[in-house]
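Engineer: From first to last, the protein sequence lines are chains U and H. Going by the UniProt record's numbering, the letters in the first sequence line up with residues 1 to 483, in that order. Going by the UniProt record's numbering, the letters in the second sequence line up with residues 1 to 483, in that order.
2 protein chains.
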Amino acid sequence: MGWGDLGAFGEPSKETPNLDQMAAEGMLLLDFYTASPLCSPSRAALLTGRLPVRNGFYTTNGHARNAYTPQDIVGGIPDSELLLPELLKKAGYTNKIIGKWHLGHRPQFHPLQHGFHEWFGSPNCHFGPYDNRERPNIPLYRDWEMIGRYYEDFKIDLKTGEANLTQLYLQEALDFISKQQASQQPFFLYWAIDATHAPVYASKQFLGTSQRGLYGDAVREIDDSVGKILKHLQQLGISENTFVFFTSDNGAALISAPTQGGSNGPFLCGKQTTFEGGMRAPAIAWWPGHIPAGAVSHQLGSVMDLFSTSLSLAGLQPPSDRQIDGIDLLPVILQGKLIDRPIFYYRGNELMAVRAGLYKAHYWTWSNSWEEHSKGIDFCPGQSVAGVTTHTQEEHTYLPLLFHLGRDPGEKYPLSFASEEYQRAVEHISGLVQQHKATLVPGQPQLNVCDQAVMNWSPPGCEKLGKCLKAPESDPKKCSWPH
Amino acid sequence: MGWGDLGAFGEPSKETPNLDQMAAEGMLLLDFYTASPLCSPSRAALLTGRLPVRNGFYTTNGHARNAYTPQDIVGGIPDSELLLPELLKKAGYTNKIIGKWHLGHRPQFHPLQHGFHEWFGSPNCHFGPYDNRERPNIPLYRDWEMIGRYYEDFKIDLKTGEANLTQLYLQEALDFISKQQASQQPFFLYWAIDATHAPVYASKQFLGTSQRGLYGDAVREIDDSVGKILKHLQQLGISENTFVFFTSDNGAALISAPTQGGSNGPFLCGKQTTFEGGMRAPAIAWWPGHIPAGAVSHQLGSVMDLFSTSLSLAGLQPPSDRQIDGIDLLPVILQGKLIDRPIFYYRGNELMAVRAGLYKAHYWTWSNSWEEHSKGIDFCPGQSVAGVTTHTQEEHTYLPLLFHLGRDPGEKYPLSFASEEYQRAVEHISGLVQQHKATLVPGQPQLNVCDQAVMNWSPPGCEKLGKCLKAPESDPKKCSWPH
Numbered sequence: 001m002g003w004g005d006l007g008a009f010g011e012p013s014k015e016t017p018n019l020d021q022m023a024a025e026g027m028l029l030l031d032f033y034t035a036s037p038l039c040s041p042s043r044a045a046l047l048t049g050r051l052p053v054r055n056g057f058y059t060t061n062g063h064a065r066n067a068y069t070p071q072d073i074v075g076g077i078p079d080s081e082l083l084l085p086e087l088l089k090k091a092g093y094t095n096k097i098i099g100k101w102h103l104g105h106r107p108q109f110h111p112l113q114h115g116f117h118e119w120f121g122s123p124n125c126h127f128g129p130y131d132n133r134e135r136p137n138i139p140l141y142r143d144w145e146m147i148g149r150y151y152e153d154f155k156i157d158l159k160t161g162e163a164n165l166t167q168l169y170l171q172e173a174l175d176f177i178s179k180q181q182a183s184q185q186p187f188f189l190y191w192a193i194d195a196t197h198a199p200v201y202a203s204k205q206f207l208g209t210s211q212r213g214l215y216g217d218a219v220r221e222i223d224d225s226v227g228k229i230l231k232h233l234q235q236l237g238i239s240e241n242t243f244v245f246f247t248s249d250n251g252a253a254l255i256s257a258p259t260q261g262g263s264n265g266p267f268l269c270g271k272q273t274t275f276e277g278g279m280r281a282p283a284i285a286w287w288p289g290h291i292p293a294g295a296v297s298h299q300l301g302s303v304m305d306l307f308s309t310s311l312s313l314a315g316l317q318p319p320s321d322r323q324i325d326g327i328d329l330l331p332v333i334l335q336g337k338l339i340d341r342p343i344f345y346y347r348g349n350e351l352m353a354v355r356a357g358l359y360k361a362h363y364w365t366w367s368n369s370w371e372e373h374s375k376g377i378d379f380c381p382g383q384s385v386a387g388v389t390t391h392t393q394e395e396h397t398y399l400p401l402l403f404h405l406g407r408d409p410g411e412k413y414p415l416s417f418a419s420e421e422y423q424r425a426v427e428h429i430s431g432l433v434q435q436h437k438a439t440l441v442p443g444q445p446q447l448n449v450c451d452q453a454v455m456n457w458s459p460p461g462c463e464k465l466g467k468c469l470k471a472p473e474s475d476p477k478k479c480s481w482p483h
Numbered sequence: 001m002g003w004g005d006l007g008a009f010g011e012p013s014k015e016t017p018n019l020d021q022m023a024a025e026g027m028l029l030l031d032f033y034t035a036s037p038l039c040s041p042s043r044a045a046l047l048t049g050r051l052p053v054r055n056g057f058y059t060t061n062g063h064a065r066n067a068y069t070p071q072d073i074v075g076g077i078p079d080s081e082l083l084l085p086e087l088l089k090k091a092g093y094t095n096k097i098i099g100k101w102h103l104g105h106r107p108q109f110h111p112l113q114h115g116f117h118e119w120f121g122s123p124n125c126h127f128g129p130y131d132n133r134e135r136p137n138i139p140l141y142r143d144w145e146m147i148g149r150y151y152e153d154f155k156i157d158l159k160t161g162e163a164n165l166t167q168l169y170l171q172e173a174l175d176f177i178s179k180q181q182a183s184q185q186p187f188f189l190y191w192a193i194d195a196t197h198a199p200v201y202a203s204k205q206f207l208g209t210s211q212r213g214l215y216g217d218a219v220r221e222i223d224d225s226v227g228k229i230l231k232h233l234q235q236l237g238i239s240e241n242t243f244v245f246f247t248s249d250n251g252a253a254l255i256s257a258p259t260q261g262g263s264n265g266p267f268l269c270g271k272q273t274t275f276e277g278g279m280r281a282p283a284i285a286w287w288p289g290h291i292p293a294g295a296v297s298h299q300l301g302s303v304m305d306l307f308s309t310s311l312s313l314a315g316l317q318p319p320s321d322r323q324i325d326g327i328d329l330l331p332v333i334l335q336g337k338l339i340d341r342p343i344f345y346y347r348g349n350e351l352m353a354v355r356a357g358l359y360k361a362h363y364w365t366w367s368n369s370w371e372e373h374s375k376g377i378d379f380c381p382g383q384s385v386a387g388v389t390t391h392t393q394e395e396h397t398y399l400p401l402l403f404h405l406g407r408d409p410g411e412k413y414p415l416s417f418a419s420e421e422y423q424r425a426v427e428h429i430s431g432l433v434q435q436h437k438a439t440l441v442p443g444q445p446q447l448n449v450c451d452q453a454v455m456n457w458s459p460p461g462c463e464k465l466g467k468c469l470k471a472p473e474s475d476p477k478k479c480s481w482p483h
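1. Return no unless some Cβ of chain U is closer than 8 Å to the Cβ of H/Gln211.
2. Are the C-beta of U/Pro282 and some C-beta of chain H separated by less than 8 Å?
3. Three-state secondary structure (DSSP) at H/Cys269?
4. What is the DSSP secondary structure of H/Phe403, reduced to helix, strand or coil?
5. How is H/Gln323 classed by DSSP in three states: helix, strand or coil?
6. Just reading off the alpha helix (DSSP H) that U/Glu86 is part of, what are its end residues?
7. Could you name the residues of chain H that U/Gly406 contacts, counting a contact when the two beta carbons are closer than 8 Å?
8. Could you check whether U/Gln108 and U/Asp79 sit closer than 8 Å to each other, using their CB atoms as the reference points?
9. Which residues, in order along the region 111-140 of chain H, keep a beta-carbon less than 8 Å from a beta-carbon of chain U?
10. Relative to the alpha-carbon of H/Val332, which residue among H/Gly4, H/Phe32, H/Gly10 has its alpha-carbon at the smallest distance?
11. Whole angstroms are fine: how far does the CA of U/Pro414 sit from the CA of H/Ala257?
12. Chain U beta carbons: is any one of them nearer than 8 Å to that of H/Gln434?
13. Run through chain A and tell me which residues come within less than 7 Å of U/Val296, C-beta to C-beta.
14. Determine the extent of the alpha helix (DSSP H) in which H/Ile138 is found, giving its start and end residues.
15. Secondary structure at H/Arg149, three-state DSSP: helix, strand or coil?
16. Going by C-alpha to C-alpha distance, which of U/Thr196, U/Gln435, U/Pro12 sits closest to H/Arg280?
17. From the DSSP output, which residues share a beta bridge with U/Gln383?
18. Are U/Ile284 and U/Leu19 touching if we call contact CB-CB under 8 Å?
19. Does U/Tyr413 have its Cβ less than 8 Å from a Cβ in chain H?
20. Around the Cβ of U/Pro342, are there at least 16 other Cβ atoms within 10 angstroms (buried) or fewer (exposed)?
21. Against chain U, does H/Leu30 count as a neighbour if the rule is that its beta carbon must be under 8 Å from one of theirs?
22. May I have the straight-line CA-CA distance separating H/Asn264 from U/Pro409, to the nearest angstrom?
23. Alpha carbon to alpha carbon, how far is H/Ile177 from H/Ile147? Give it in angstroms, no decimals.
24. Cβ atoms of H/Gly121 and H/Ile100: under 8 Å apart, would you say?
25. Closest to residue 487 of chain U by CA distance: which of U/Asp224, U/Gly278, U/Phe116 is it?
26. Any chance you could list the alpha helix (DSSP H) runs of at least 4 consecutive residues sitting entirely within the region 11-49 of chain H, in chain order?
27. So, residue 539 of chain H versus U/Lys412, is the Cβ gap smaller than 8 Å?
28. Which one or two residues does DSSP pair with U/Ser302 in a beta bridge?
29. Out of U/His232, U/Pro318, U/Glu372, U/Gln21, which has the shortest C-alpha to C-alpha gap to U/Leu87?
30. Here's the rule: buried if 16 or more other CB atoms are within 10 angstroms of the residue's CB, otherwise exposed. What is H/Arg133?
31. Note down, one range per segment and in chain order, each alpha helix (DSSP H) of at least 4 residues found wholly within the region 140-226 of chain U.
32. In chain H, which residues lie with their C-beta within 7 Å of the C-beta of U/Val385?
Below, the structure written as structure tokens:
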């Protein structure tokens with residue numbers, strides 16, 4: 001989902017009354033970022049509080065390439081990483097993930113091995129349908145075992161766009177919350193639904209209800225679901241004791257727009273890029289009785305902050321034996337403070353850009369290759385800024401491209417290299433970069449090796465269902481990451 | 001000002017708390033349009049309820065050219081046109097215009113000749129400073145006579161951007177409202193301030209206060225002023241008896257961005273074009289006790305509707321002896337109804353595009369000429385949609401380019417000519433076009449002839465001030481309208 005997909009963020013059809021209401025009752029964070037322009041690395045960063053380049057969710061197969069966890073990926077979240085649920089567990093929290101895990105699907109990467117008590121969802125994206133010979137359909141798990149597969153047991157109609165998955169995930173969330181409230185147990189719910197990822201789907205009751213087409217139907221269903229979750233918390237009388245945060249794991253996929261992808265509002269390009277459209281995300285914090293209603297913050301925030309903020313809420317300290325990139329946002333959210341901190345925009349193994357205050361310096365620019373672009377793969381449809389949305393990887397290390405995101409949120413007017421403003425801002429940001437790089441210890445890259453033998457052929461539980469498939473011979477290769 | 005310049009419409013810095021509050025207390029109109037991508041024609045349309053092609057505010061010097069009223073224009077609002085204040089006058093209203101008139105500056109076009117009782121402002125844009133030999137500075141009028149000139153008597157510091165004009169206009173508005181309330185007279189106030197037009201200015205107290213630079217300072221000052229006007233109405237106890245509408249006369253001038261021009265949010269291009277960024281305008285209706293707070297409407301609206309709506313509020317009928325293009329929006333604003341009506345996007349003498357429902361068909365596309373574009377004149381900076389943002393005038397009469405503005409508000413993905421959806425929508429829209437053209441009687445074009453002799457050399461009142469200048473010989477020529 002993109003920054004521009006919510007009414008409160010300026011979507012012209014204003015079809016998200018529940019999320020808009022959530023913002024009106026809580027805090028809108030306008031300058032909130034994902035940790036990567038792609039899903040898996042951003043989610044790994046959310047749960048570890050660390051940049052993907054530290055926690056291993058990146059590739060060195062090529063320079064500045066986006067990578068994720070398709071089902072032939074060999075790697076996943078390393079045991080050495082401490083995940084948010086592992087830490088919360090020690091403080092008595094019951095942790096549940098509903099939806100897409102995306103941190104590796106081999107047994108050692110299973111979410112219940114990493115601090116979650118319960119899981120209802122899938123390890124990978126709902127791509128398909130596959131033929132179960134070349135490629136198996138993605139399994140859905142309940143806790144340790146699979147209970148079926150997408151397309152086979154959990155229908156997604158690619159023609160009509162109908163699938164009731166968001167309703168399943170919603171019901172699962174409501175039930176979990178009820179159960180926790182009944183047992184008076186504190187809980188952490190990571191509601192990581194698949195929608196609005198392509199192939200886009202919505203339940204029958206939402207199909208055709210949006211001005212925006214199928215994508216808008218999916219947004220409306222999410223909006224409705226969030227409204228129901230918040231209402232449920234209120235009806236159970238625990239809303240003032242439950243911190244809720246809504247955000248996205250990357251910008252809207254403009255390549256899939258307009259029917260399968262959303263909007264990044266006034267920002268440049270989309271998912272896969274380190275322009276604002278790739279990494280600035282909608283963000284709303286909600287906690288009635290604690291967050292002043294209608295608050296708006298310009299704090300530079302990151303999904304990694306949800307790690308540190310959640311620990312703080314639970315009265316825990318972040319681990320001190322490793323670099324944590326997230327910060328505790330409670331002073332921001334509860335008291336309106338502003339904390340000075342930069343945002344690092346990574347694409348794979350490269351630091352592409354850095355934001356400090358309202359200035360953003362690009363050290364590298366790239367949308368995607370000419371080769372891909374000529375095939376119609378376009379992460380910036382309709383947008384073209386000379387020297388900025390480049391189709392070759394352009395290095396600007398010695399003279400970074402500088403934008404003022406207040407005057408120019410769309411990154412269309414680079415500041416003159418000769419200006420005093422440029423000199424001052426770049427000097428400041430380059431100091432931050434030096435500091436960052438001096439202490440950076442990259443993790444073992446997890447997204448380099450792919451092997452068709454590791455695909456979801458025989459997930460645990462397949463025997464009971466008669467759904468075990470025969471894996472082919474192991475044939476590990478470098479994964480191919482074209483952009 | 002552009003659609004994307006207000007917080008309520010998604011501006012990322014959210015610096016318009018008063019306008020956002022106005023929207024929260026009133027109705028946000030998300031699909032509201034100017035009558036032209038340029039100032040004068042749009043204002044003439046607002047005050048006459050008629051398309052510029054009918055009321056004469058267009059040129060035939062070239063095909064599909066934007067034209068306005070610079071100070072060497074010979075034409076102006078024809079006597080045959082009936083203006084809103086002329087009609088309201090008959091119902092006992094006192095009418096005042098504060099700010100830019102822009103419907104011609106020769107004596108016969110004076111606003112007090114066309115229904116206004118009072119005027120404080122200027123006939124033309126605050127361009128300058130001029131040398132008073134080649135070109136005089138623009139006069140400011142109080143009612144019938146000038147009281148000084150911009151730059152000379154009313155300072156605009158082009159270096160610092162400081163000018164207190166908006167404060168003068170604000171004070172004038174507050175005073176007029178107080179006077180009317182004291183005398184229990186109904187009133188029509190057309191608060192047509194110059195800001196945020198380039199050269200952009202703001203008062204000292206607002207300079208440097210916006211994240212967005214000088215343009216943002218000007219927006220903040222407008223926001224603050226609107227807040228003060230609304231508060232004044234409340235304090236005088238007449239807010240429930242006063243209908244207030246906020247809008248703009250064209251999209252943000254992206255050519256002046258980022259320091260002198262604003263944002264059109266997710267829409268394509270800006271001022272001067274018939275893409276959404278050129279003509280979709282922010283719009284808020286406010287009338288406490290009558291408009292349900294927090295209302296949002298997708299009614300296709302136009303500045304011309306303010307003519308018919310105002311007449312309706314005053315209990316008057318629109319003139320029946322001529323075609324009126326505006327409609328009465330009261331059923332929309334008060335009861336949430338939706339009225340089926342198209343939007344016609346004219347550029348000069350050409351119908352460029354038509355919107356019906358969520359579909360928009362372009363019959364002609366043009367941003368500006370290659371010749372201009374190669375000189376750096378760009379109405380779509382950073383945006384380029386193949387075959388859409390064309391630099392030659394492209395005719396699509398037989399196969400209009402069709403967009404679905406719900407799925408694709410940015411006009412980036414034309415629908416396939418072969419699709420059933422295309423056929424159905426174009427058939428419908430082409431019927432509307434036929435109907436429209438069949439009854440269209442173009443007015444005498446007012447914006448064809450320019451003459452340096454008619455400039456503001458010796459406006460009425462200049463003698464008292466010793467500010468009369470000698471006009472050069474009359475030398476009428478075709479005005480040059482490059483885009």
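Just so it is clear, CB atoms sit at the ideal spot from N, CA and C, and this is done for glycine as well.
Structural biologist: Answer, in terms of the structure:
1. yes
2. no
3. coil
4. strand
5. coil
6. 84-90
7. Ser13, Ser210, Gln211, Arg212, Gly213, Gly216
8. yes
9. none
10. H/Phe32
11. 12 Å
12. no
13. Absence of chain A from the displayed structure is noted, the protein chains being U and H.
14. From DSSP, H/Ile138 is part of no alpha helix (DSSP H); its letter is neither H nor E.
15. strand
16. U/Pro12
17. H/Gln383
18. yes
19. yes
20. buried
21. yes
22. 12 Å
23. 22 Å
24. Residue identity check: residue 100 of chain H is Lys in the sequence provided, not Ile. Yes, they are a contact pair.
25. Coverage of chain U is limited to positions 1 through 483, which leaves residue 487 of chain U absent and any answer about it impossible.
26. 17-25, 39-48
27. Since the first and last residues shown for chain H are 1 and 483, residue 539 of chain H lies out of range.
28. U/Tyr33
29. U/Pro318
30. exposed
31. 165-182
32. Gly382
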